[in-house]
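Before any comments, here is the structure.
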Amino acid sequence: MSVLVDADTRVVVQGITGGEGKFHAGQMIEYGTNVVAGAVPGKGGQDVDGVPVYDTVHEAVRKEDADASVVLVPPAFAADALFEALDTSLDLVVAITEGIPTQDMAKVNRRLRETDTHLVGPNCPGVITPGEAKLGILPGNIFAPGKVGLVSRSGTLTYQVVDNLTSRGIGQTTAIGIGGDPIIGTSFIDALELFEADEETEAVAMCGEIGGEDEEEAAEYIATQMDTPVAAFIAGRTAPPGKRMGHAGAIVSGSGTGTAESKIDALNAAGVPVGDTPEEVADHIEGYL
Amino acid sequence: MKLHEYQAKGVFADAGIPTPDSQLATSVDEAVDAGDALGYPVAVKAQVQVGGRGKAGGIEIATDADELRAAAENILGMDLKGYHVDRVLVESAVDFTNELYLGVTMDRGEGEPVAMVSSEGGVDIEEVAAETPEAIAREHVDPAFGMHSYQARKAVYEADIPRDVSRAVSSVLETLYDLWEANDASEAEINPLMVTDGGDVVAADAVMNVDDDALFRHPDLADMEEESYTDDLERKAGEYGFDYVRLSGNVGIIGNGAGLVMATLDLVDHYGGEPANFLDIGGGAKAERVANALDMVFSDPNVDSVVFNIFGGITRGDEVARGINEALSQFDEIPKPVVVRLAGTNASEGMEILDTSLVRVEETLEEAVQRAVDDAAEVTN
Numbered sequence: 000m001s002v003l004v005d006a007d008t009r010v011v012v013q014g015i016t017g018g019e020g021k022f023h024a025g026q027m028i029e030y031g032t033n034v035v036a037g038a039v040p041g042k043g044g045q046d047v048d049g050v051p052v053y054d055t056v057h058e059a060v061r062k063e064d065a066d067a068s069v070v071l072v073p074p075a076f077a078a079d080a081l082f083e084a085l086d087t088s089l090d091l092v093v094a095i096t097e098g099i100p101t102q103d104m105a106k107v108n109r110r111l112r113e114t115d116t117h118l119v120g121p122n123c124p125g126v127i128t129p130g131e132a133k134l135g136i137l138p139g140n141i142f143a144p145g146k147v148g149l150v151s152r153s154g155t156l157t158y159q160v161v162d163n164l165t166s167r168g169i170g171q172t173t174a175i176g177i178g179g180d181p182i183i184g185t186s187f188i189d190a191l192e193l194f195e196a197d198e199e200t201e202a203v204a205m206c207g208e209i210g211g212e213d214e215e216e217a218a219e220y221i222a223t224q225m226d227t228p229v230a231a232f233i234a235g236r237t238a239p240p241g242k243r244m245g246h247a248g249a250i251v252s253g254s255g256t257g258t259a260e261s262k263i264d265a266l267n268a269a270g271v272p273v274g275d276t277p278e279e280v281a282d283h284i285e286g287y288l
Numbered sequence: 000m001k002l003h004e005y006q007a008k009g010v011f012a013d014a015g016i017p018t019p020d021s022q023l024a025t026s027v028d029e030a031v032d033a034g035d036a037l038g039y040p041v042a043v044k045a046q047v048q049v050g051g052r053g054k055a056g057g058i059e060i061a062t063d064a065d066e067l068r069a070a071a072e073n074i075l076g077m078d079l080k081g082y083h084v085d086r087v088l089v090e091s092a093v094d095f096t097n098e099l100y101l102g103v104t105m106d107r108g109e110g111e112p113v114a115m116v117s118s119e120g121g122v123d124i125e126e127v128a129a130e131t132p133e134a135i136a137r138e139h140v141d142p143a144f145g146m147h148s149y150q151a152r153k154a155v156y157e158a159d160i161p162r163d164v165s166r167a168v169s170s171v172l173e174t175l176y177d178l179w180e181a182n183d184a185s186e187a188e189i190n191p192l193m194v195t196d197g198g199d200v201v202a203a204d205a206v207m208n209v210d211d212d213a214l215f216r217h218p219d220l221a222d223m224e225e226e227s228y229t230d231d232l233e234r235k236a237g238e239y240g241f242d243y244v245r246l247s248g249n250v251g252i253i254g255n256g257a258g259l260v261m262a263t264l265d266l267v268d269h270y271g272g273e274p275a276n277f278l279d280i281g282g283g284a285k286a287e288r289v290a291n292a293l294d295m296v297f298s299d300p301n302v303d304s305v306v307f308n309i310f311g312g313i314t315r316g317d318e319v320a321r322g323i324n325e326a327l328s329q330f331d332e333i334p335k336p337v338v339v340r341l342a343g344t345n346a347s348e349g350m351e352i353l354d355t356s357l358v359r360v361e362e363t364l365e366e367a368v369q370r371a372v373d374d375a376a377e378v379t380n
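Sequences listed follow chains A and B, in order. If you read the first sequence in numbering that gives the first Met the number 0, its first letter stands for residue 0, the second for the next number, and so on. If you read the second sequence in numbering that gives the first Met the number 0, its first letter stands for residue 0, the second for the next number, and so on.
Now the structure itself:
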């Protein structure tokens, strides 16, 4: 079992004719992902490496029975692409695009609440079920099929922790990069709910970072609603207050909320060990299996 | 992007929010001329993009030309919370009976805009929020519809704003929300909104921060961006387009992806070292960008060693290796020891290209960080 995606997921790539879209569609196909269509306004009728391109997502869904989309569209057009995706019957939309204006995402999320679609991202590496399908830009070769769910706000940190797991023979059910922006579709809690309901997932690794209160809320959920054990890593212990550390969301306010300390305390109180290093997270996960 | 007060006031005034008469001055003489033109008393306000200017001595009231000259001499050229003051706003002082607070921002937890009103303006609103949160009325706004008039009225009544100005205040709040939305602001604030003896309201301060990601659709605002760095390295980072933060230690850190770079900082600390900086080269970096990153970190005199931590996804290891080679081949002697850890996309190709006579390669993140910390300690001792 897996969550969100598997070998049967039928994927449409929005932005498939662009540089990133073309490259990563190829990488997804190479990994074994069932990429059935591309959608780019004005490019309908073309094909990219054998994948038919349609002018609209609606047409791609109707003609190719797609049930998921990966959005690799530049930030200025990304919100429109997301609205288009949410106007169809897709089960899953994965938004890779970095730098979407926050007010655009507030409107997208407002629309999202009226749909049954899962939105992952934006500004995220995507979702992968090792050995079955990857939707996004994650390097497939570091993942291995197994029993650990992974959820992370940071792309490269996801790779790091997966590498620590895979190198000691611990595989993953599904890894979900939820993204580092202030407003995202899938939260830690949403991802943890999916893993909790998945029978194959025996443990979950969670990578958080400074900024916001999502990890604190996740800790509350883990303490009260979860049986599956969780181990965590929190990036940004050494970050000075008031400085934006790359991710839009990764900023510690002067008033002390969103600090690494408050997140670690909340997780520890929920019975979640927080590793000082990614290697220590893998130690904890190994102990659960 | 933070606007200066005078820039934000311009945006607010254009939208119809009452602001005091004012003039910008870059010299003491200009300031005195401005005061003479406006009439006394005036407020002299340092134009730097930080809060708490008043407490730090960046705002003074002058009742005549002599006082204004003295105030301008004090403030112009001062160093305010790390920023050099090179201009002041000279502004007609407002006689007030009350100071209110109005603000609009994004509530990231709710994923929705929120408008805030308080009758306790003129003070540090973060303190009010921490100590007496009930003193701030909050109204969440559906971003699909924008703020309804009733919502502005509701917030104003809940905040116990004096009845004789409630209509004026709710009108300003509606305008503030509209301009927040129209300009893709992350924050728009008036603190204080002064209630005058005559029962009018005037925005005595103006704060507006604009979402950097949305500047592409606001060229007028983007043009207002000014270099205000006091740190040469941060200016250089701005020119190279890096996410860079200077820190106080001596281990230089370069990586790809904010989370991984932060984790590298934390590991340096964990192994007993002190990070000198946060530098994220971002996704998909080409060789030139990598070389620029090394140039940046070598430019920091505090740096005694450098750790390069790359986990390729969209970034390719061979490109990174080429950049490192390029940057280092120009030196007869490498200025600081460099440790490289390359993993992920095209890492093995990168390892083949990487000139290991110039750098030390470590297999794991932990080993690389430990090595860089040891190298830095060796230099220090």
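By construction, the Cβ of each residue, glycine as well, lies at the ideal position given by its N, Cα and C atoms. Just so you know, these numbers come straight off a predicted model, no measurement behind them.
- Under the DSSP definition of a beta bridge, L91 of chain A partners with A:A67, A:H117.
- Put simply, the segment 307-323 of chain B touches the segment 275-293 of chain B. At least three CB pairs are less than 8 angstroms apart.
- For F22 of chain A, there is no enclosing beta strand (DSSP E); the enclosing alpha helix (DSSP H) has its first and last residue at 18-30.
- With contacts defined as CB atoms closer than 8 angstroms, F11 of chain B and A275 of chain B fail to qualify as a contacting pair.
- Interface annotation, M244 of chain A: in contact with chain B, CB-CB separation under 8 angstroms.
- DSSP, reduced to helix, strand and coil, places S151 of chain A within a strand of the structure shown.
- Assigned with DSSP and collapsed to three states, F215 of chain B falls in helix.
- Contact annotation: S151 of chain A and C206 of chain A have beta-carbon atoms nearer than 8 angstroms.
- The beta strand (DSSP E) runs lying completely inside the segment 69-124 of chain B and spanning 3 residues or more are 87-91, 95-106, 111-117, given in chain order.
- Shown here, P191 of chain B sits in a strand according to DSSP, grouped into three states.
- Within chain A, I136 have C-beta atoms less than 7 angstroms from the C-beta of I313 of chain B, given in sequence order.
- For D13 of chain B, no pairing in a beta bridge is given by DSSP.
- Distances from the alpha-carbon of D211 of chain B to those of B:V194, B:G240, B:I58, B:I160 put B:G240 closest.
- Short of 7 angstroms from the beta carbon of K262 of chain A, and not among the five residues preceding or following it, lie these beta carbons of its own chain, in chain order: G207, E214, E215, I233.
- For I60 of chain B, same chain residues with a beta-carbon under 7 angstroms away, outside a window of 5 residues either side, are P40, A42, A92 in chain order.
- Short of 8 angstroms from the beta carbon of S186 of chain A, and not among the five residues preceding or following it, lie these beta carbons of its own chain, in chain order: I177, D213, E216, A217.
- Exclusion of the five residues before and after Q6 of chain B leaves M223 as the residues of its chain whose Cβ lies within less than 6 angstroms of its Cβ.
- Remark: C-beta atoms of I141 of chain A and V161 of chain A approach each other more closely than 8 angstroms.
- If you compare the alpha carbons of A:V34, A:Y30, A:A59 with that of G44 of chain A, the shortest gap goes to A:A59.
- Here V280 of chain A is buried. Its C-beta has 16 or more other C-beta atoms within 10 Å.
- Beta-bridge partners assigned by DSSP to V306 of chain B: B:I252, B:V338.
- Taking CB atoms only, G170 of chain A has no neighbour in chain B less than 8 angstroms away.
- Chain-order list of chain B residues neighbouring E278 of chain A: E365, by C-beta distance under 7 angstroms.
- According to the DSSP assignment, S21 of chain B belongs to no alpha helix (DSSP H) but to the beta strand (DSSP E) extending over 21-24.
- By the neighbour-count criterion, in which 16 or more other beta carbons inside 10 Å mark a residue as buried, Q329 of chain B falls on the exposed side.
- Where G349 of chain B is concerned, the enclosing alpha helix (DSSP H) starts and stops at 346-352.
- Rounded to the nearest whole angstrom, the C-alpha separation of V126 of chain A and E332 of chain B is 44 angstroms.
- A distance of 8 angstroms or more separates the beta carbons of V2 of chain A and D189 of chain A.
- When secondary structure is reduced to three states using DSSP, G258 of chain B falls in the helix class.
- Here the alpha carbons of G245 of chain A and E63 of chain A stand approximately 39 angstroms from one another.
- Per the C-alpha coordinates, the member of B:K235, B:N249, B:G322 positioned closest to N380 of chain B is B:N249.
- Cβ contact annotation for H283 of chain A (same chain, cutoff 7 angstroms, sequence separation greater than five): A230, P272, G274, in chain order.
- Against chain A, the CB of F307 of chain B has no partner CB under 8 angstroms away; the residue lies outside that interface.
- DSSP, read as helix, strand or coil, puts F142 of chain A in coil.
- For R245 of chain B, the beta-bridge partners assigned by DSSP are B:N276.
- Residue environment analysis places A45 of chain B among the buried positions, since at least 16 neighbouring C-beta atoms fall within 10 angstroms of its C-beta.
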